[in-house]
Amino acid sequence: MPGDFDGTTSDSASHSTTRNASADHGGDVGGTVADAGFDWTRFDGVLFDLDGVITPTAEIHERAWGELFADYDYTEADYLAYIDGKPRYDGVRSFLSSRDVVLAEGSPDDPPGTDTVCAMGNRKNEIFNEILERDGIAPYPGSQTTLDLLEAAGIPAAIVSSSKNARTVLHASGLEDRFDVVVDGVVAVDEGVIGKPEPDMYLLGAERLGTDPARTVVVEDAVSGVAAGAAGGFALVIGVDRGAGADTLRSHGADLVVDDLAELLAERSSS
Ligand SMILES: [Mg+2]
Numbered sequence: 001m002p003g004d005f006d007g008t009t010s011d012s013a014s015h016s017t018t019r020n021a022s023a024d025h026g027g028d029v030g031g032t033v034a035d036a037g038f039d040w041t042r043f044d045g046v047l048f049d050l051d052g053v054i055t056p057t058a059e060i061h062e063r064a065w066g067e068l069f070a071d072y073d074y075t076e077a078d079y080l081a082y083i084d085g086k087p088r089y090d091g092v093r094s095f096l097s098s099r100d101v102v103l104a105e106g107s108p109d110d111p112p113g114t115d116t117v118c119a120m121g122n123r124k125n126e127i128f129n130e131i132l133e134r135d136g137i138a139p140y141p142g143s144q145t146t147l148d149l150l151e152a153a154g155i156p157a158a159i160v161s162s163s164k165n166a167r168t169v170l171h172a173s174g175l176e177d178r179f180d181v182v183v184d185g186v187v188a189v190d191e192g193v194i195g196k197p198e199p200d201m202y203l204l205g206a207e208r209l210g211t212d213p214a215r216t217v218v219v220e221d222a223v224s225g226v227a228a229g230a231a232g233g234f235a236l237v238i239g240v241d242r243g244a245g246a247d248t249l250r251s252h253g254a255d256l257v258v259d260d261l262a263e264l265l266a267e268r269s270s271s
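Take the sequence shown: its position 2, counting from 1, is numbered 2 in this note's numbering, and each next residue is one higher.
Dropping the structure here:
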């Protein structure tokens with residue numbers, strides 16, 4: 001069983017080198033990258049965030065916002081200034097106010113449309129789903145390869161995502177069958193589980209995967225997510241820096257930070 005491997009065989013010890021980038025947070029937390037790549041077999045399971053870790057979902061969101069606001073000379077600068085990181089309706093309201101447009105708030109039950117803030121937010125979600133269905137979404141290649149490696153090693157993997165669109169994104173990526181467990185925004189509501197940065201969603205992921213958190217890895221790109229992993233007492237929290245910043249991810253609980261999971265796969269020669 002891969003999970004029984006303790007990582008202390010003389011073979012792995014004699015050929016391992018600690019990667020400089022991970023040395024500054026100590027090599028005692030499992031953040032050692034050997035020449036032959038990161039040794040995932042030291043762990044019993046892996047919990048992945050979805051958006052920004054497995055798929056570049058933000059690109060689809062940005063395209064959907066662009067289509068929603070196509071009549072307003074919308075640019076990427078608007079996305080960063082008024083929308084990025086906000087709940088959907090707040091993003092609508094904030095962008096519209098930048099154009100001196102004030103709409104009635106409406107209700108989350110409003111059908112997708114343009115007459116209220118909620119209707120526009122619901123339309124944005126509809127466009128997001130249309131784009132996914134039409135174009136699909138390719139996973140990050142390094143993440144795809146990591147999943148292949150885990151599957152070959154018999155190490156179970158779960159998705160732990162705050163998004164209520166997680167199932168749709170997984171389906172569009174072709175990865176729906178690759179995860180043993182999915183804990184998403186829908187499950188969180190159904191089960192009454194508190195979201196990140198509390199560790200509860202990740203702990204539920206480990207519970208459903210049947211793995212001890214102390215032998216399970218969390219992989220996250222968001223500050224709230226690495227904080228959740230750190231609070232949950234997981235074996236290792238890997239931060240994937242898609243823009244949050246390596247120092248920020250480390251200071252919130254990441255044991256190891258990479259720009260892409262491909263870094264953990266590559267053959268590394270120190271000679
Ligand atoms: Mg994310």
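Note that beta-carbon positions come from the ideal geometry of N, C-alpha and C, so glycine has one too.
Since we're looking at a predicted model, the values are computed, not measured.
Residue i burial status per 10 Å Cβ neighbour count (16 or more: buried)
i, result
"Gly253", "buried"
"Arg42", "buried"
"Ile60", "buried"
"Pro278", "The structure shown does not extend to residue 278, since the chain spans only 1 to 271, so no value can be given for it."
"Val183", "buried"
"Ser97", "exposed"
"Tyr89", "buried"
"Gly243", "exposed"
"Val102", "exposed"
"Ala104", "exposed"
"Ser251", "exposed"
"Asp49", "buried"
"Tyr82", "buried"
"Glu220", "buried"
"Val181", "buried"
"Val189", "exposed"
"Ala138", "exposed"
"Pro213", "buried"
"Lys86", "exposed"
"Asp24", "Confidence is the limiting factor: at Asp24 the pLDDT is only 40, short of 50, which leaves the residue's position unreliable, though a coordinate-based value still follows. Exposed: under 16 other Cβ atoms inside 10 Å."
"Gly210", "exposed"
"Gly136", "exposed"
heavy atom of ligand 1 below 6 Å from residue i C-beta
i, result
"Asp259", "no"
"Gly37", "no"
"Asp148", "no"
Span separating the alpha-carbon of residue i from that of residue j
i, j, result
"Ala119", "Leu47", "34 Å"
"Asp115", "Phe69", "13 Å"
"Gln144", "Glu76", "28 Å"
"Pro112", "Gly174", "27 Å"
"Asp78", "Phe95", "7 Å"
"Thr55", "Tyr140", "6 Å"
"Leu80", "Gly66", "12 Å"
"Asp259", "Gly245", "9 Å"
"Val193", "Val160", "12 Å"
"Asp177", "Gly239", "24 Å"
"Ala153", "Val218", "17 Å"
"Pro156", "Asp73", "46 Å"
"Gly45", "Asp100", "50 Å"
"Gly195", "Leu147", "25 Å"
"Ser163", "Gly37", "31 Å"
"Asp255", "Leu236", "6 Å"
"Ala262", "Leu249", "18 Å"
"Glu62", "Asp84", "9 Å"
"Gly121", "Asp51", "19 Å"
"Ala206", "Thr216", "7 Å"
"Val257", "Gly106", "42 Å"
"Asp39", "Glu198", "28 Å"
"Phe284", "Gly91", "Coverage of the chain is limited to positions 1 through 271, which leaves residue 284 absent and any answer about it impossible."
"Asp6", "Arg93", "Residue placement at Asp6 is poorly supported in this model, since its pLDDT is 38, which falls under 50; the coordinates still yield a value, given next. Looking at the two C-alpha atoms, the distance is approximately 53 Å."
"Ala158", "Phe179", "5 Å"
"Arg123", "Ala58", "17 Å"
"Ala230", "Asp71", "44 Å"
"Gly142", "Asp247", "22 Å"
*Count the C-beta pairs between the stretch 201 to 208 and the stretch 224 to 244 that are closer than 8 Å, then say yes if the count reaches three, no if not.*
yes
*Would you list, in sequence order, the uninterrupted alpha helix (DSSP H) runs of no fewer than 4 residues that lie entirely inside the stretch 67 to 139?*
88 to 98 and 117 to 135
*the stretch 155 to 169 in contact with the stretch 123 to 135 per 3-pair CB rule at 8 Å*: yes
*Using the beta carbon as the reference atom, which residues fall closer than 5 Å to any heavy atom of ligand 3, ordered along the chain?*
Absence of ligand 3 is noted for the structure shown, with ligand 1 being the only ligands found.
_Minimum length 3: unbroken beta strand (DSSP E) runs contained in the stretch 141 to 217_ = 157 to 160 and 181 to 183
*Could you give the uninterrupted runs of the beta strand (DSSP E) lying entirely in the stretch 218 to 242, keeping only those of 3 residues or more?*
236 to 240
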